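Have a look at the structure below before the remarks.
In the numbering used here, the protein residues as written are 141 to 300.
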């Protein structure tokens, strides 16, 4: 899933390489949308699997504040995996009135009235959460390395 998150970021950041309205820019932006939707679907699957199969305990176990911070970070990562794609979907659907289907001229229609102001609000939230996600993901990666090299537990092995 981390690879898809990176892909979604790379796609949307690369759109500036193409002229607005060009078919390549449209392809990159639509690929970003659909990568986000794929992430949303996989997040549901991952959460269901996690509920069915609890991960093994960390050895040695985390205690106190460290355990609470790890749990909070974990919940934040899952929240971002659900909230980001939904905000992106709402942005596109409310702004365009439909979700374009990749490689076609077809689209999935939005059943409610569209609004530029509402779409802008969702887009601003989507961008804000994307920035926050950078920091939480960075904290997550740094913590994994800290666990592996400093604390010398098996957290990184469990993540991979």
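All residues carry an ideal CB built from backbone N, CA and C; glycine is no exception. If you're wondering where the values come from, they're calculated on a predicted model, not measured in any experiment.
Item: Beta bridge counterpart(s) of residue 249 as assigned by DSSP; Value: 238
Item: Pairwise C-alpha distance: residue 164 and residue 150; Value: 14 Å
Item: Helix, strand or coil at residue 231 [DSSP, three-state]; Value: helix
Item: Per-residue DSSP class, three states only, for residue 300; Value: coil
Item: Cβ pair residue 170, residue 253 closer than 9 Å; Value: no
Item: Where the alpha helix (DSSP H) containing residue 188 begins and where it ends; Value: 163-192
Item: Option nearest residue 236 by Cα separation, candidates 245, 249, 244, 225; Value: 249
Item: Residue 210 beta carbon less than 9 Å from that of residue 202; Value: yes
Item: Residue 183 classed as buried or exposed, judged by whether at least 16 other C-beta atoms fall within 10 angstroms; Value: buried
Item: Residue 167 beta carbon less than 9 Å from that of residue 144; Value: no
Item: Among 296, 270, 277, the one whose alpha carbon lies nearest that of residue 228; Value: 270
Item: Proximity winner among 176, 156, 158, relative to residue 242 (alpha-carbon distances); Value: 176
Item: With 16 other Cβ atoms within 10 Å as the buried cut-off, status of residue 300; Value: exposed
Item: Classification of residue 148 by the beta-carbon crowding that lies within 10 angstroms, buried from 16 upward; Value: buried
Item: Rounded straight-line distance, which links the Cα of residue 180 to that of residue 161; Value: 27 Å
Item: Neighbourhood of residue 266 by C-beta distance below 6 Å, restricted to the same chain and skipping five residues each side; Value: 227, 228, 231
Item: Beta-carbon proximity check, residue 282 vs residue 295, cutoff 9 Å; Value: no
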